[in-house]
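K.L.:
Throughout the sequence shown, residue numbering follows our numbering, covering 430 to 1012 in sequence.
Take a look at this one; I'll ask things after.
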Amino acid sequence: MSSAQRTTQTTPVLIVGGGPTGLLASLLLSRFNIDHILIEQRHAPQAAPAAHVINTRTMEILRSAGLNTEEFYALNKHGDAQFISWVNGPRDHALGKYALMGDLEDPEDLQRFMHRAAASPEHITNISQNLFEDALLGQATRRNHQDIRFGHSWQGFVDGDTRRVRVLQPDGSAYEVNAAYVLAADGASSNIVRTLGITRSGPPSIATFLNMSCEIDLSQIAGEQQSILYWCLNPSAPGTLIVHDPKALTVYMRPLYEPYETAEEYTDARCDALVKEMFGPDIPFRITYKGVWRMSAQVADRFCVDNVFLVGDAAHRFPPTGGLGLNSGVGDVHNLVWKLAAILKHDAPPSLLASYEAERKPVAQRNCATSVNNFHKMNEVIDALGLDVSKAHIPAMVGASPLLKWLPSAISKRLIKFLTLPVLRLLNAAMADTVDGQKRRDKIQTAIDNQAEHFDMLGAELGYVYAGGCAIDQSASSTPQSTTRDYQPTAGAGARLPHIEMKDARATRSSLDIVTYDQFTLFTNGAAVNPPNASWMFGLPSQTINLESYDNRGAISEAFDLGPGGWVLVRPDGHVATRSSGA
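This is the structure:
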């Protein structure tokens, strides 16, 4: 379409941002046959791998969007990853490690594993965000009703009217989009959030890292194979390694101690030297990307202003400890899009949209707090080694002093190395093949075992309960709550409907597959007594599923806590709107 033809356009929904959150919003809008435009300032999906944890609930949501989840699982390039390892360096054996699947010979771990497997037809996986985005983009562009435009950037609201958006296209010309609704999926540095004057609660910076994506075959040298994360403690090459593909791609996250050092000091030559220090000089590598990332823990004070809705990182920014950031964005649009469809296609009252912030903001706040707690709790492992994490910045601070810069380079390097000798002594003692070394490793392992809530978060993934409001019955206040780690299946108001295999004469299907994203679903245990009023469905279509037709009716009614005549009304996003337990 030419610049002239783009002078002004009108669309029901404008999505600003083509990351995972924006692309999934496009897919869900297409599922409702809603025309929409997506603009993304980048000219192509990002090349850096970024996030990697795709949790169980996100995989369920992809399934509900009509996507083949097996195609997404195939994008996991480290399918045999089983451990998180704490090491001196990647060539060394672990000082301790966390088994992601637990010890399946231990009855408690086996029971926990079986509980996770029974909770969903899907499971958590690891997919580099750039591959995840590519897959979503490929799916989204094949759908009808979409107009996805890379290289087009949001420039502002025309005359302060949030329904009129100025867009800059690649040739430098601008056009206007008139949109009934705008989804701000423009990331952690959202210009829309800034323009609207929306404040955020929480620290804007907890830590700063230099991220280097390395094309390297780590499998050649790793002392601990099958690890997806390495926490490297050697002071000459500290940081975290994220193994996206053990034969091809590892990200080195190195702490950057501002203001004592800056990103500008990390030239290409210096970064090459750091990577050689980390992996050794005898293994070929290539740095394909480097960038600074500032870890924050903030949630927007408002998720909506007029017709503009914040989704994904624009609404919340978490530490990566727990992998909840990307997944929370997926939950945002899954919650929001069906409500937009109810208004745009079925004349539902606009007040329905107020439930978006009421439901999603508490989830974001809880996920943010969990991520921060995980980040700080990791220091227990450092403490167990005998180190003081509060002193980690000292070499950088000393290195930045004017006096040290005045000294000859060889002398200043020796001085900084001298400062790290206590750390090296503790590491060597912990690695020693002695009784004392084993005692030290046992202490470290105990601290690692105490990180279980960081790496096993099924309750956070599946167990969040939306509070009562216009789209959730007030009885949600008595719905059983899951802890971060332990998921408690419940069909109480506000909860995600539990997964159970439902068997009839034709097939066996998950309860999650019977619930579809384009309608409400009413499950009844026989003839419903006092069924829900149609107003609960906001004009959207509905289907009724009578449990009498299922061979395992008893198991289903028990899972849904339904006596004779009981019923449960499930929203398109799989959360229970209202219910009656029956007799």
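Think of the CB as a built atom: it goes at the ideal place given N, C-alpha and C, for glycine as much as any other residue.
Inspect the beta-carbon positions of residue 993 and residue 954 and report whether they are closer than 8 angstroms.
P.N.:
Within the sequence shown, the letter at position 564 stands for residue 993. Within the sequence shown, the letter at position 525 stands for residue 954. Yes, they are a contact pair.
K.L.:
Could you give the residue range of the alpha helix (DSSP H) that holds residue 788?
P.N.:
On the sequence shown, position 359 is the one that residue 788 refers to. Taken as a continuous stretch (DSSP letters only), the alpha helix (DSSP H) holding residue 788 covers 783-806.
K.L.:
Keeping to the same chain, check which residues put their C-beta closer than 7 angstroms to that of residue 1007; ignore five residues upstream and five downstream.
P.N.:
In the sequence shown, the residue the question calls residue 1007 occupies position 578. These residues qualify, in order along the chain: 902, 922, 961, 965 and 998.
K.L.:
Indicate the three-state DSSP secondary structure (helix, strand or coil) for residue 708 in the structure shown.
P.N.:
Locating residue 708 in the sequence shown gives position 279, where the first residue counts as 1. Of the three classes helix, strand and coil, the one that applies to residue 708 here is helix, per DSSP.
K.L.:
On the three-state DSSP scale, how would you describe residue 968?
P.N.:
One-based indexing of the sequence shown puts residue 968 at position 539. Three-state DSSP puts residue 968 in coil, outside helix and strand.
K.L.:
With a threshold of 8 angstroms on Cβ separation, who are the neighbours of residue 949 within its own chain once the five nearest residues in sequence on each side are excluded?
P.N.:
Position 520 of the sequence shown, counted from the start, is the residue given in the question as residue 949. Closer than 8 angstroms at the Cβ level, and outside the excluded window around residue 949, lie 965, 966, 969, 970, 971, 972, 998, 999, 1000, 1001 and 1006.
K.L.:
Are the beta-carbon atoms belonging to residue 873 and residue 524 less than 8 angstroms from one another?
P.N.:
Stepping through the sequence shown from its first residue, residue 873 is reached at position 444. Stepping through the sequence shown from its first residue, residue 524 is reached at position 95. Yes, they are a contact pair.
K.L.:
Please work out which residues of its chain come closer than 6 angstroms, Cβ to Cβ, to residue 822, disregarding the five sequence neighbours upstream and downstream, and give them in chain order.
P.N.:
Numbered from 1 along the sequence shown, position 393 holds the residue referred to as residue 822. Excluding positions up to five away in sequence, the list reads 686.
K.L.:
With a Cβ-Cβ cutoff of 8 angstroms, do residue 629 and residue 783 count as a contact?
P.N.:
Translated into the one-based positions of the sequence shown, residue 629 becomes position 200. Translated into the one-based positions of the sequence shown, residue 783 becomes position 354. Not closer than 8 angstroms, so no.
K.L.:
Residue range of the beta strand (DSSP E) that residue 673 falls in?
P.N.:
Mapped onto the sequence shown, residue 673 falls at position 244. Per DSSP, residue 673 belongs to the beta strand (DSSP E) from 668-674.
K.L.:
Quick one: what's got a C-beta closer than 8 angstroms to residue 432's C-beta in the same chain, skipping five residues either side?
P.N.:
The residue you call residue 432 lines up with position 3 of the sequence shown. Residue confidence is low: residue 432 scores 42 on pLDDT, short of 50, so the model does not pin down where it sits. Its coordinate-derived value is still stated next. Apart from sequence neighbours up to five positions away, the residues of its chain that approach residue 432 with a beta-carbon distance below 8 angstroms are 598, 600, 602 and 604, ordered along the chain.
K.L.:
Check the C-beta distance from residue 736 over to residue 611 and give it rounded, since I have them as a contact under 8 angstroms.
P.N.:
As a working note, residue 736 is residue 307 in the sequence shown. As a working note, residue 611 is residue 182 in the sequence shown. Contact holds; Cβ gap of about 6 angstroms.
K.L.:
Does DSSP classify residue 640 as helix, strand or coil?
P.N.:
As a first step, residue 640 is located in the sequence shown; it is residue number 211 there, counting from the start. If DSSP states are grouped into helix, strand and coil, residue 640 belongs with the strands.
K.L.:
Helix, strand or coil for residue 443 per DSSP?
P.N.:
Reading the sequence shown from its first residue, position 14 is the one you call residue 443. Three-state DSSP puts residue 443 in a strand.
K.L.:
Tell me whether the beta-carbon of residue 449 lies closer than 8 angstroms to the beta-carbon of residue 755.
P.N.:
Translated into the one-based positions of the sequence shown, residue 449 becomes position 20. Translated into the one-based positions of the sequence shown, residue 755 becomes position 326. It is a contact, given that the beta carbons lie within the stated cut-off.
K.L.:
Using a Cβ distance threshold of 8 angstroms, determine whether the region 505-516 contacts the region 642-660, with at least three qualifying pairs required.
P.N.:
yes
K.L.:
Distance check for residue 712 and residue 877, CA to CA, integer angstroms please.
P.N.:
What you label residue 877 is simply residue 448 of the sequence shown in a count that begins at 1. What you label residue 712 is simply residue 283 of the sequence shown in a count that begins at 1. So the two alpha carbons sit approximately 30 angstroms from each other.
K.L.:
On the DSSP letters alone, give me the boundaries of the alpha helix (DSSP H) that residue 826 sits inside.
P.N.:
Sequence index remark: in the sequence shown, residue 826 carries index 397 (1-based). It spans 823-828 - the alpha helix (DSSP H) in which residue 826 sits, taken as one unbroken run.
K.L.:
Output yes or no for whether 8 angstroms exceeds the beta carbon distance between residue 568 and residue 496.
P.N.:
Locating residue 568 in the sequence shown gives position 139, counting from the first residue. Locating residue 496 in the sequence shown gives position 67, counting from the first residue. For the pair residue 568 and residue 496, the CB atoms are nearer than the 8 angstroms cut-off.
K.L.:
Could you check which residue in 775, 787 and 753 has the C-alpha nearest to that of residue 796?
P.N.:
Working through the sequence shown from its first residue, we reach residue 796 at position 367. Cα-wise, what sits closest to residue 796 is 753.
K.L.:
Roughly how many whole angstroms lie between the Cα atoms of residue 578 and residue 564?
P.N.:
If you number the sequence shown from 1, residue 578 lands on position 149. If you number the sequence shown from 1, residue 564 lands on position 135. Going by the C-alpha atoms only, they are around 16 angstroms apart.
K.L.:
Can you look up residue 592 in the DSSP assignment and give me helix, strand or coil?
P.N.:
As a working mapping, residue 592 is identified with position 163 in the sequence shown. If DSSP states are grouped into helix, strand and coil, residue 592 belongs with the strands.
K.L.:
Are the Cβ atoms of residue 691 and residue 644 separated by less than 8 angstroms?
P.N.:
If you number the sequence shown from 1, residue 691 lands on position 262. If you number the sequence shown from 1, residue 644 lands on position 215. No, the pair does not count as a contact, with Cβ atoms beyond the cut-off.
K.L.:
Tell me the residue span of the alpha helix (DSSP H) that contains residue 762.
P.N.:
For the purposes of this step, residue 762 is identified with residue 333 of the sequence shown, where counting begins at 1. Residues 754-775.
K.L.:
Are residue 666 and residue 706 touching if we call contact CB-CB under 8 angstroms?
P.N.:
Counted from its first residue, the sequence shown places residue 666 at position 237. Counted from its first residue, the sequence shown places residue 706 at position 277. In contact: residue 666 and residue 706 (Cβ atoms closer than 8 angstroms).
K.L.:
Could you tell me if residue 847 is buried or exposed, where buried requires 16 or more neighbouring beta carbons within 10 angstroms of its beta carbon?
P.N.:
On the sequence shown, residue 847 is found 418 positions in, with the first residue counted as 1. Result: exposed.
K.L.:
Reducing DSSP to helix, strand and coil, say where residue 533 ends up.
P.N.:
Position 104 of the sequence shown, counted from the first residue, corresponds to residue 533. In the three-state DSSP reduction, residue 533 falls in the coil class, being neither helix nor strand.
K.L.:
I'd like to know if the region 484-503 and the region 545-561 are in contact, where contact means that at least 3 CB-CB pairs between them fall below 8 angstroms.
P.N.:
yes
K.L.:
Could you round the C-beta distance between residue 951 and residue 1003 to whole angstroms and report it? I think they count as a contact, below 8 angstroms.
P.N.:
Against the sequence shown, residue 951 aligns to sequence position 522. Against the sequence shown, residue 1003 aligns to sequence position 574. Actually they are not in contact, since the Cβ atoms of residue 951 and residue 1003 sit about 14 angstroms apart, beyond 8 angstroms.
K.L.:
Below 8 angstroms, can you find three or more Cβ-Cβ pairs linking the region 466-484 to the region 580-592?
P.N.:
yes
K.L.:
Buried or exposed for residue 430, please, with buried defined as at least 16 other CB atoms from any protein chain shown within 10 angstroms of its CB.
P.N.:
Locating residue 430 in the sequence shown gives position 1, where the first residue counts as 1. Caution applies to residue 430, whose pLDDT of 43 falls short of 50 and renders its modelled position unreliable; the value that the coordinates give is listed next. Exposed: under 16 other Cβ atoms inside 10 Å.
K.L.:
Which residue from 454, 470 and 529 puts its Cα closest to that of residue 482?
P.N.:
Numbered from its first residue, the sequence shown carries residue 482 at position 53. Selected option, being the one with the closest Cα: 529.
K.L.:
Measuring alpha carbon to alpha carbon, tell me which residue in 438, 791, 845 and 989 is nearest residue 608.
P.N.:
Position 179 of the sequence shown, counted from the first residue, corresponds to residue 608. Comparing Cα positions, the closest option is 438.
K.L.:
I need the boundaries of the beta strand (DSSP E) containing residue 607, first residue and last residue.
P.N.:
The count along the sequence shown starts at 1 and reaches residue 607 at position 178. Taken as a continuous stretch (DSSP letters only), the beta strand (DSSP E) holding residue 607 covers 603-613.
K.L.:
How would you label residue 944, buried or exposed, when you count the other beta carbons within 10 angstroms and need 16 or more for buried?
P.N.:
The count along the sequence shown starts at 1 and reaches residue 944 at position 515. Per the 10 Å Cβ criterion, buried.
K.L.:
Under DSSP, the beta strand (DSSP E) around residue 468 begins and ends at which residues?
P.N.:
In the sequence shown, the residue the question calls residue 468 occupies position 39. Unbroken beta strand (DSSP E) run through residue 468: 465-469.
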